[in-house]
Structures are given as C-alpha cells and as structure tokens.
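Numbering (the UniProt record's numbering), first residue to last: 1 to 535.
Yeah, the Cβ is synthetic: ideal placement off N, Cα and C, and Gly gets one too.
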Amino acid sequence: MGSPLNDIELVALRRTRLFGATGTVLMAIGALGAGARPVMQDPTFGVRLLNLPSRIQTVSLTMTTTGAVMMALAWLMLGRFALGRRRMTRGQLDRTLVLWMLPLLVAPPMYSKDVYSYLAQSQIAGNGLDPYRVGPAPGLGLDHVFTLSVPSLWRETPAPYGPLFLWIGRGISEITGENIVAAVLCHRVLVLAGVGLIVWATPRLARRCGVAEVSALWLGATNPLLFMHLVAGIHNEAIMLGLMLAGTEFALRGVESTRRLAPQPFSALPATRWYPLAMLLIGTVLITMSSQIKLPSLLALGFVAMALGYRWGSSVKSFILASGGLGLLSLAVMAVIGWASGLGFGWLSTLGTANVVRSWMSPPTLLALGTGQVGILLGLGDHTTAVLSLTRAIGVLIIMVVVTWLLLAVFRGRLHPVGGLGVALGATVLLFPVVQPWYLLWAIIPLAAWATRPRFRIATIAVTLIVGIFGPTANGDRFALFQIVDATLASTIIVLVLIGLTYNRLPWRALPEPDPVSSAPPVTGGRTDAYAESP
C-alpha cells in the first residue's frame with residue numbers, strides 16, 4: 001500500500017527519523033559515562049573504549065543531554081506528519097518508534113536507579129523474606145551486589161510495588177541469580193512487553209473516541225518521556241500502563257457488546273451473549289493485574305464499571321450491579337495474585353513509602369515547601385513538615401472529589417470513559433504527594449487517545465519538552481553543579497549549530513502544500529491506515 005505522503009514529505013520524514021535516531025544513539029553512548037551504572041559488575045569497567053565515557057563525565061552528560069534534545073525536537077517535527085491532513089501510515093510510525101528505541105535497549109539505565117531497587121526487592125522475595133517489611137539493607141545486607149547500587153534513601157525502605165511485579169521480579173531473580181547485567185536486561189524485556197501493549201491498545205482506544213490512530217500514537221507511544229524514562233529508565237510504569245490500556249480496550253468491547261437492558265442471569269444467556277461477558281472478564285483481570293504493579297491504574301476499572309452502568313440504564317440497580325460485580329471480580333483476582341505469589345496484601349501498608357521524597361513537581365508539596373521557607377524568613381520557625389501534611393491531605397481530598405465527579409459524568413453518559421480515565425489520572429498526578437517525570441505518562445497516553453483540541457496538544461507538547469529536557473537534572477549519578485551548567489551550555493550550542501546546519505534539510509518550517517491532483521494517494525478501494533480516524 002502506497003504512502004499518502006508525497007516525495008518531498010517522504011524525504012523530510014526519513015531525515016527526521018534519522019535525526020531522532022542519532023539523538024538516541026548519542027544518549028546511549030553518553031549513558032556509558034552519565035548513566036546509572038551499577039556499583040559492582042559494571043561490564044564497562046576495565047574496557048578501554050567503553051570505560052572512556054566514565055572518565056570524561058561532563059562530556060558524557062553533554063552527549064546525553066544533546067541526544068535527548070535532538071530526539072525531542074525530532075518528535076516535534078514528526079508531529080507534522082501525524083497531526084495534519086496528510087498523515088504518515090501506521091507502519092511508518094511503528095518503524096520510527098522501533099528505530100529510536102533500539103539504541104536505548106543496550107544502554108545502561110538512565111535518569112534513575114529504580115531498577116536496582118526492583119532487583120533488590122525481588123531478591124528479598126526470592127529469599128523467602130517479606131519485601132513489604134524489610135528493605136534491601138536489612139534483607140540482603142549492605143555488601144550485597146544489588147544493595148550497593150540502590151540509592152541510600154531507599155536501602156532501608158520496604159517495597160512500594162504490587163505483588164504481581166515482585167512476583168515477576170522474583171522469577172527474573174531465579175533465572176539470572178545475582179548477575180546484575182542479565183537481570184537489568186530482563187527488566188528491559190518486561191518494559192518492551194509493556195510498550196508493546198501500549199502500542200497495541202492506544203490506536204484501538206483512539207478509534208473508539210474518533211481520534212486518528214497515528215495522532216494518538218505520536219502523542220502517546222512515541223512521546224520523548226516514554227523513550228527517556230520507560231525504555232532508558234526501565235520503569236515499571238510501562239507494564240502497568242500496557243496492562244491498564246489493554247484491559248480497558250477489552251472491557252469496553254464487552255460494554256459495547258452487552259445489551260442496554262439490565263443483565264440477565266448467566267443461565268439465561270444464549271451462547272452468542274457470552275462474548276461481552278468474556279471481554280469484561282478479560283478486561284477486568286488485566287486492569288486488576290496492572291493495579292498489582294502500581295495501584296493508581298485501578299481507576300480504569302471504575303470508569304469501565306460506570307460505562308457498563310450507563311449501558312444498563314444509568315439506574316441505581318445498574319450502578320450496584322456493574323460496580324459490585326466488577327469490584328468483586330477484581331478483589332478475587334487480587335486475592336489469587338496475593339496467594340499465588342505468597343506476598344498477600346502487605347503492599348497496602350507500604351503505598352506511602354515514596355512520600356519521603358519532597359518533589360518540586362508536586363503542587364501540594366511545592367506549596368508546602370514555599371510556605372515553610374516563608375515562615376523561616378519571617379522568623380516563625382520551620383513548619384514545613386506540618387504544612388506538608390496539610391497540603392498533601394487537601395490534594396488527596398481534591399483528587400477524590402474530581403474522580404467522583406468524573407465517574408458520575410461517565411455514568412450519566414456525558415463523558416467517554418477513556419476521557420474520564422485520562423482526566424482522572426491527570427488530576428491524580430497533578431495533586432499526588434510525589435510526582436516524577438514519568439508519572440505524566442499516566443495521563444498523557446490515555447488522553448492522547450481521546451482529546452483532539454489543539455489547546456490540549458499544545459499544552460502536552462510544552463509539558464513534554466520542558467519536563468523531558470529540564471526535568472532530569474542529570475540521572476542516577478550525582479553531578480557537580482558546574483558539570484550540569486557546562487553540559488547544558490555545551491548542549492545548547494551544539495543543538496543551535498545543528499538547527500542551523502539542517503534548517504533547509506529538515507522540516508523545521510511547514511512544508512509546502514502539495515498539488516492536490518498530482519499528489520493524491522492512490523485509490524485502493526478501502527481505507528488506508530493513514531486515514532483510519534474513526535470506526
């Protein structure tokens with residue numbers, strides 16, 4: 001099938017793809033010196049060529065920062081072929097996604113050392129201890145190969161992740177033992193599975209919302225934050241989001257296939273009516289599994305239940321049947337996972353573990369920190385901790401109110417469940433006590449499948465570029481301030497030079513409009529992938 005893009009656009013697309021791939025290659029090379037390498041079993045140690053970046057860390061940081069900016073700018077230019085009237089095909093976008101991702105798959109972890117906490121907590125579970133009671137230091141010992149690479153802040157804290165994730169991690173530990181490189185690569189394979197589910201589910205959810213597949217995938221699955229933090233950073237949000245989105249897609253298939261009347265008893269259902277029940281079952285199981293990675297994804301089940309209640313008539317009875325039925329099934333899945341993994345429900349007691357971090361990206365936390373500093377300047381004492389407890393509690397209360405309002409909007413048929421889920425996760429991230437750059441993907445990806453207004457896309461692009469470029473001040477290692485400043489200045493100069501050199505070769509400006517007669521796509525008798533905007 002021919003591409004809907006003309007020759008000029010195809011050349012511009014290939015050059016944009018190459019520009020972004022060059023950026024991720026630079027990121028991968030720079031990670032050898034600026035990445036979150038392990039303290040022990042570092043495969044680059046003693047290898048002259050591979051160990052060179054670690055000896056010139058400022059240069060490595062410059063390469064990593066320059067590569068990230070190049071990839072982000074290439075993504076921005078790629079939007080010309082995803083949001084216009086003439087869009088690239090799914091295959092062209094998928095090939096771009098794979099090409100940009102490949103260099104990062106073999107690079108050391110970047111921007112975070114969380115993966116080493118995953119390894120330590122999984123090993124604790126593998127040793128028969130409870131990772132929800134003991135941290136890496138008491139559970140494995142300070143001299144253990146995994147503990148040494150865990151940041152000191154998290155060496156004494158129990159695991160904040162769900163039992164399914166630690167169960168999978170325990171399986172990885174049984175396969176790899178204490179080989180830290182093999183274990184990290186296995187977690188990256190897990191991330192790839194999550195990204196695959198995201199790429200599978202996003203266009204299908206977009207079709208339900210009347211959004212072009214390529215547009216949704218460009219804004220969500222090829223977002224620079226995904227490359228930087230899920231693929232390069234190896235965060236478990238990848239598998240959480242993948243399961244949540246896939247589960248939502250299956251569940252909505254069941255919702256749309258079920259009858260609008262109140263449900264009949266199972267025994268009265270003809271064979272053809274088991275399909276919606278099966279889809280609801282699969283969707284609920286997948287969403288619940290995602291919550292056993294990280295709990296916030298369970299919000300998706302609430303919106304599916306409200307959509308089902310609306311389908312059944314928006315009555316009190318339909319509300320009770322839909323929410324009660326799916327809720328009981330979800331609890332049963334949680335119980336099975338807790339029993340099979342041997343980890344039970346201990347994860348409920350460690351959900352607030354990350355609150356020890358005072359994140360500037362969290363508005364409630366930032367407000368408390370600012371108020372505390374004002375009190376100190378006025379001579380009133382340091383009341384930051386007390387104010388922090390108050391602002392965070394208010395934030396959680398606002399989340400509850402907003403989510404309740406959105407659920408009711410879906411139940412009354414005023415809001416699409418995918419849109420409600422995206423907005424609810426956006427409010428959750430915005431008002432969460434702790435916000436990390438990759439948390440933004442919780443909201444960006446489902447919203448990319450629903451929202452089409454230019455204001456939302458402009459805001460998402462702006463937040464992505466700001467957080468993606470300036471959010472990670474460095475990465476897993478500690479850098480001196482002068483190194484960060486030097487690397488930032490050098491990267492700025494390099495990127496400006498690159499823009500000047502490629503100004504007439506890359507689509508920095510809008511491409512000329514093609515001749516509507518000569519450049520019309522061939523008629524194939526069916527809908528092309530590029531124009532698959534609606535069901």
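Would you kindly report the start and end of the unbroken alpha helix (DSSP H) that includes residue i?
i      : result
Ala409 : Thr384 to Phe411
Asp143 : Where Asp143 is concerned, there is no enclosing alpha helix (DSSP H), given that its DSSP letter is neither H nor E.
His187 : Ile180 to Arg208
Gln436 : Note, Gln436: premise wrong, no alpha helix (DSSP H); not H, not E.
Ala12  : Asp7 to Ala34
Asn51  : Arg48 to Arg55
Arg87  : From DSSP, Arg87 is part of no alpha helix (DSSP H); its letter is neither H nor E.
Lys317 : Val316 to Ser341
Ile293 : Neither: Ile293 is in no alpha helix (DSSP H) and is coded neither H nor E.
Trp167 : Pro163 to Thr176
Gly242 : Glu237 to Ser257
Gly309 : Leu299 to Arg311
Asp114 : Asp114 to Gly126
Pro363 : Pro363 to Leu377
Val495 : Leu481 to Thr502
Just to confirm, are residue i and residue j a CB contact at a threshold of 8 angstroms?
i      : j      : result
Ile337 : Tyr161 : no
Trp347 : Pro163 : yes
Ser290 : Tyr132 : no
Gly23  : Met70  : yes
Thr428 : Ile399 : yes
Gln123 : Phe479 : no
Thr96  : Ala448 : no
Ile469 : Ala72  : yes
Leu321 : Val255 : no
Leu76  : Ile458 : no
Pro108 : Ala36  : yes
Glu9   : Leu511 : yes
Ile466 : Gly220 : no
Thr384 : Leu367 : no
Leu280 : Ala251 : yes
Pro296 : Thr464 : no
Leu226 : Leu441 : yes
Thr404 : Leu388 : no
Val145 : Ile172 : no
Leu93  : Val214 : yes
Which same chain residues end up closer than 8 angstroms to residue i when comparing Cβ atoms and leaving out the 5 residues on each side of it in sequence?
i      : result
Arg188 : Leu105, Val231 and Ile234
His416 : Arg208, Cys209, Val410 and Trp450
Leu261 : Confidence is the limiting factor: at Leu261 the pLDDT is only 47, short of 50, which leaves the residue's position unreliable, though a coordinate-based value still follows. Correct list, in chain order: Trp312 and Gly313.
Trp154 : Ser117, Gly135 and Pro136
Ile287 : Leu243, Met244, Gly247, Thr248, Ala251, Ser297, Leu298, Ala300, Leu301, Val304 and Ser330
For residue i, which residues of its own chain have a beta-carbon under 7 angstroms away from its beta-carbon, when the five flanking residues on both sides are left out?
i           : result
Phe266      : Per-residue confidence for Phe266 stands at a pLDDT of 48, beneath the threshold of 50, marking its modelled position as unreliable; no derived number is given.
Phe45       : Asn51
Arg527      : Residue confidence for Arg527 is low, a pLDDT of 33 falling below 50, so the modelled location carries little weight; the figure read from the coordinates is stated next. For Arg527, where only same-chain residues beyond five positions count, there are no Cβ hits under 7 angstroms.
Ser362      : Phe432, Pro433, Val434 and Val435
Leu5        : Leu13, Phe81, Arg86 and Met88
Gly79       : Trp218
Met63       : Leu26, Ile29 and Gly30
residue 617 : Residue 617 cannot be examined here, being either before or after the span of the chain that is shown, 1 to 535.
Ser491      : Thr62, Thr65, Thr66 and Val69
Who are the Cβ neighbours of residue i in its own chain at under 6 angstroms, not counting the five residues just before and after it?
i      : result
Pro535 : Because the pLDDT of Pro535 is 29, which lies under 50, any placement of that residue in the model is unreliable, and the number read from its coordinates should be weighed accordingly. Only Arg207 meet the Cβ criterion.
Ala125 : Pro131, Leu166 and Arg170
Asn236 : Phe165 and Ile293
Gly33  : Pro53, Ser54, Gln57 and Ser60
Glu156 : Gly135 and Ala137
Since I believe residue j is in contact with residue i (beta carbons under 8 angstroms), could you give me their beta-carbon distance rounded to a whole number of angstroms?
i           : j      : result
residue 559 : Trp167 : As displayed, the chain neither begins before 1 nor continues past 535, which places residue 559 out of reach and without an answer.
Tyr310      : Gly413 : 5 angstroms
Ala82       : Gly20  : Incorrect: roughly 13 angstroms between the Cβ atoms, too far for contact.
Thr284      : Leu243 : Contact flag wrong, Cβ pair sits at about 12 angstroms.
Ala238      : Val199 : No, Ala238 and Val199 are not in contact; Cβ-Cβ is about 11 angstroms, not under 8 angstroms.
Lys302      : Leu407 : Sequence check: residue 302 is Gly here, not Lys. The pair is a contact, with the Cβ atoms about 6 angstroms apart (cut-off 8 angstroms).
Gly194      : Leu148 : With 8 angstroms as the limit, Gly194 and Leu148 do not qualify as a contact, their Cβ atoms being about 27 angstroms apart.
Val402      : Ala424 : 7 angstroms
Arg17       : Leu99  : 6 angstroms
Val115      : Val39  : Wrong, their Cβ atoms sit about 13 angstroms apart, outside the cutoff.
Run the CB neighbour count on residue i, radius 10 Å, all protein chains shown included, and call it buried at 16 or more, exposed below.
i      : result
Gly141 : exposed
Glu249 : buried
Gln373 : exposed
Phe482 : exposed
Ser60  : buried
Trp274 : exposed
Pro158 : buried
Asp143 : exposed
Asn127 : exposed
Gly422 : buried
Ser152 : exposed
Arg253 : buried
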